[in-house]
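Chains as they are written, first to last, in our numbering: chain A, 1 to 111; chain B, 112 to 226.
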């Protein structure tokens, strides 16, 4: 069946460091891919998405490229801030109105 | 637009009791989803409504779980004869229904603790 695998956290970085959070997926067909973020005390919210191969989603300095050949959708940011501390979830839409989420990766950014 | 609201935020109950949660989606949203999230895990799909019709249910949803969305507005999720394994965060999300892969708007969830 369809699934999403994320790198385990927590990830701890200093401010202005480069961030990569790995995400790979297994799916039949051509899913859409998403990154959702959950800040402390808040609900999940969409960070970015990509709907087809080679698309790049971007928002708030974060980027992720849909790589069909490696079935990956890694999240990157060139310079993280303390305010980026949150839990990040990779997700795919399987085409049956059912989003499948990864286990989440907690990011902690130190000043 | 006040976002997706869920009530209550926290629920503590004894094993064997029934509980009901409510979700109010964003008013113009046609689609409504229920997810369950346990510590260290991502949200797991439970069920999905398009307007008032419940179109899909996960195999995770045993016969002790029932969800409704009368009139296609708010939704309720009821758990009968609760078990300790039901302890989790129950998340509601809604979306416009204009596309098959559009973004979900999540509520803050209801944290259930079964003692």
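No residue lacks a Cβ here, since even glycine has one placed at the ideal position from N, Cα and C.
Is residue i close to chain A, meaning its C-beta is less than 7 Å from at least one C-beta of that chain?
i, result
"residue 152 (chain B)", "yes"
"residue 176 (chain B)", "no"
"residue 219 (chain B)", "yes"
"residue 132 (chain B)", "no"
"residue 156 (chain B)", "yes"
"residue 214 (chain B)", "yes"
Take the Cβ of residue i as the centre, count every other Cβ of all protein chains shown within 10 Å, and call the residue buried at 16 or more, exposed below.
i, result
"residue 140 (chain B)", "buried"
"residue 199 (chain B)", "buried"
"residue 81 (chain A)", "exposed"
"residue 79 (chain A)", "exposed"
"residue 40 (chain A)", "exposed"
"residue 123 (chain B)", "exposed"
"residue 174 (chain B)", "exposed"
Please decide whether residue i counts as near chain B, where near means a Cβ-Cβ distance under 7 Å.
i, result
"residue 75 (chain A)", "no"
"residue 62 (chain A)", "no"
Nearest to residue i by alpha carbon, out of the options?
i, options, result
"residue 137 (chain B)", "B:178, B:208 and B:167", "B:208"
"residue 24 (chain A)", "A:84, A:40, A:101 and A:110", "A:101"
"residue 186 (chain B)", "B:174, B:170, B:205 and B:169", "B:205"
"residue 7 (chain A)", "A:88, A:94 and A:111", "A:88"
"residue 15 (chain A)", "A:93, A:91 and A:77", "A:77"
"residue 197 (chain B)", "B:226, B:114 and B:158", "B:226"
"residue 58 (chain A)", "A:84, A:27, A:68 and A:34", "A:34"
Would you list, in chain order, the members of the segment 32-44 of chain A that have their beta-carbon closer than 7 Å to a beta-carbon of chain D?
-> Although the question refers to chain D, the structure presented lacks it and instead comprises the protein chains A and B.
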